[in-house]
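Asks: Structure below; questions to follow.
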């Protein structure tokens, strides 16, 4: 339980800058993979990797399966080596991204980190994996799309405030206030909403509120990409898109 909490605090709460030199140079938070071998990761696929240099380990999701393994890093020289990953054994219809990422990680010998960007480099000096820092999920998010349909103008802007360490959310779905517990696992990006409680105001149009509430009940995982939060159902399909406020 304490290990899970530590991982959640690392990836869901604001990441604190470590005082040690290795931590100041070596990235220790989660990174969303944007390209592999010079090819952009296809839309709708959300692989990520994370590092813990102090404990010599890495973990993430290769687009289908959860992976983790040993890590050797020399922050002063910018060197890094990924051990063979231990992986879950789910089968997904499209395994190309996962296979490419796992293969690329075995070739990585160095890295460059600048701000929110990370490049993993092979022995020829070629960037073979590019990534951007995953932003924390905590904070206030505005509903932008519900199952691909853009949210129109409403009297009350629908939003959610997420408090991952407390396991709860608060917000407004367009008319009524909404509060719910959440079950969240930051290691593999799973997220489920409990039975939400809502106020009982009568509004002229409750269609949007109903569609958001239904979509929330279908959420099983999440991905944070920059200022966008993608909430996905059990099949990996996006049911809600939210933007950081």
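Residue numbers (mature numbering (1 follows the signal peptide of the UniProt record, and there is no 0)): -18 to -1, 1 to 227. Virtual Cβ for every residue (Gly too), placed ideally from N, Cα, C. All values reported here derive from a predicted model rather than from experimental measurement.
I want to know whether the segment 102 to 112 touches the segment 40 to 51 - three or more CB-CB distances under 8 Å.
Replies: No, because fewer than three Cβ pairs between the segment 102 to 112 and the segment 40 to 51 fall closer than 8 Å, the two stretches do not touch.
Asks: Determine contact between the segment 175 to 188 and the segment 46 to 65, defined as no fewer than three beta-carbon pairs at a distance below 8 Å.
Replies: At 8 Å Cβ cutoff, the stretches do not touch.
Asks: How would you write the range of the beta strand (DSSP E) that residue 112 sits in, first residue to last?
Replies: Run containing residue 112: 109 to 115, per the beta strand (DSSP E) assignment.
Asks: Does DSSP put residue 3 in a helix, in a strand, or in coil?
Replies: Caution applies to residue 3, whose pLDDT of 36 falls short of 50 and renders its modelled position unreliable; the model cannot decide the point.
Asks: Hey, quick one: how far does the alpha helix (DSSP H) through residue 192 stretch, first residue to last?
Replies: Residues 189 to 200.
Asks: With distances taken between CB atoms, is the gap from residue 50 to residue 29 smaller than 9 Å?
Replies: Contact flag unset, no.
Asks: Name the two residues that bound the continuous alpha helix (DSSP H) containing residue 79.
Replies: Segment 78 to 87, the alpha helix (DSSP H) holding residue 79.
Asks: I think residue 202 touches residue 214, with their Cβ atoms under 8 Å apart; what is that distance to the nearest whole Å?
Replies: Right, the Cβ-Cβ distance comes to about 7 Å (below 8 Å), so this counts as a contact.
Asks: When the Cα atoms are used, what is the spatial distance from residue 221 to residue 58?
Replies: Between residue 221 and residue 58, the C-alpha separation is close to 43 Å.
Asks: When the Cβ atoms of the segment 74 to 82 are set against those of the segment 90 to 104, are three or more pairs found closer than 8 Å?
Replies: No: fewer than three Cβ pairs fall under 8 Å.
Asks: Where does residue 55 fall in DSSP's three states?
Replies: Residue 55 falls in the strand class under three-state DSSP.
Asks: Assuming residue 157 and residue 138 form a contact by the criterion Cβ under 8 Å, report the distance between their Cβ atoms to the nearest whole angstrom.
Replies: The Cβ separation is near 6 Å, so the contact holds.
Asks: Ignore the nearest five residues each way along the sequence and tell me which others in residue 177's own chain have a CB closer than 6 Å to its CB.
Replies: Cβ neighbours of residue 177 beyond the five flanking positions: none.
Asks: What is the C-beta distance between residue 128 and residue 193, in whole angstroms, given that I count them as a contact (C-beta under 8 Å)?
Replies: That pair is a contact at about 5 Å.
Asks: Taking its Cβ as the centre, do 16 or more other Cβ atoms sit within 10 Å of residue 82, making it buried, or is it exposed?
Replies: Flag for residue 82 reads buried.
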